[in-house]
Amino acid sequence: MYPKLVDQIAGGIAKAVQKATDSHAFHEFPDCLSLAHTDRLSIKLMNDDALIVRNEEQKKTTIMLAQIQKGHGLLLKNETGKSVMLVRLSNHTADSLGKLMHPSQATLFKLMRDPCGLNFSLVKASSEETVIMRVEKVMVSLQSFGKAMGFLGSDCVYWLKSPDRQTVIGHIRTKLAINSNILAVKFISSQRDVQKRAAIVGVALLLILSEVYPQLRTLLASD
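Going by my numbering, the first residue of the sequence shown is number 24, and it counts up by one from there.
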């Protein structure tokens, strides 16, 4: 049986189970409690097979690994090797950058492009498509401003906000390093919800494919 057909069957089964149960088993990202213990992460390409997620507050300790699965997407695992989520690029519509999935392949969220501008909305993968997070791109044009805000080496920053845009819950920025480019993720310390933090990591992984390592898009899209 062809791999893509197997993948489609597994995804269909996961969606059926998701609709048939009121349990949280297929509605939350599992095994992501480590995200509650740090407010600063960095994501970088380790090799051709994986991206690493590091705790910047604990000597850059690796706490997650995003395995690059050719033709499928990224499989995010925690430090013990347990699957946290699947991250997949959108192949069917320009309105979506991609989706965040439960390891069972049930789609939990979609990152949708706003009709105007460079912003995105993270929406629940349901008929209502409820917005749970806004992702706003802000260009950093002044060196003094960038230095003051900690964004030096970046040309933009993504502010992560509540659905009503009134509360900042984090930010994502690119950071130039000597040997590689890095995506820096900052959680607002008052926001301790690990599910929202996991969603932010998922958004960061989608952005890293378009902003930092666009060459990976071709690899992930190929068979």
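We put the CB at the ideal spot given by N, CA and C, even for glycine. This structure is a prediction, so every number in the text was calculated from the model and none was measured.
Taking C-beta atoms as the reference points, Arg-220 and Phe-210 count as a pair closer than 9 Å. Per DSSP, Arg-63 lies in no alpha helix (DSSP H) segment; the continuous beta strand (DSSP E) that holds it begins and ends at 63-70. In the assembly as shown, Asp-54 is a buried residue. Its beta-carbon has 16 or more other beta-carbons within 10 Å. When Gln-128, Arg-63, Asn-142 and Gln-92 are compared, the shortest CA-CA separation from Ala-73 is found for Gln-92. If the five residues before and after Ala-227 are omitted, its C-beta is found closer than 7 Å to the C-beta atoms of Ile-66, Ile-195, Leu-206 and Val-208, all from its own chain and listed in chain order. Within the model, the alpha-carbon separation for Phe-132 versus Thr-241 is close to 22 Å. When rounded, the separation of the alpha-carbon atoms in Leu-123 and Arg-111 is 7 Å. Cβ-Cβ separation between Lys-184 and Arg-157: approximately 4 Å, consistent with a contact (criterion under 8 Å). In the assembly as shown, Met-87 is a buried residue. Its beta-carbon has 16 or more other beta-carbons within 10 Å. Ile-223 carries a helical assignment under DSSP once its states are collapsed to helix, strand and coil.
In this structure, the beta-carbon distance from His-125 to Leu-99 does not fall below 9 Å.
If you look at Arg-188, you'll find it isn't in any beta strand (DSSP E); DSSP assigns it neither H nor E. It is roughly 14 Å from the alpha-carbon of Ser-127 to the alpha-carbon of Leu-97. The C-beta distance from Cys-139 to Val-163 rounds to 21 Å, too long to fall under 8 Å, and the pair is not in contact. Looking at the DSSP output, Glu-159 sits in a beta bridge with Trp-182. Per DSSP, reduced to three states, the secondary structure at Thr-153 is coil, with no helix or strand assignment.
Membership of Gly-96 in the beta strand (DSSP E) is indicated by the continuous run 96-101. Across the structure, Leu-134 and Met-69 are spaced so that their CA atoms are roughly 25 Å apart.
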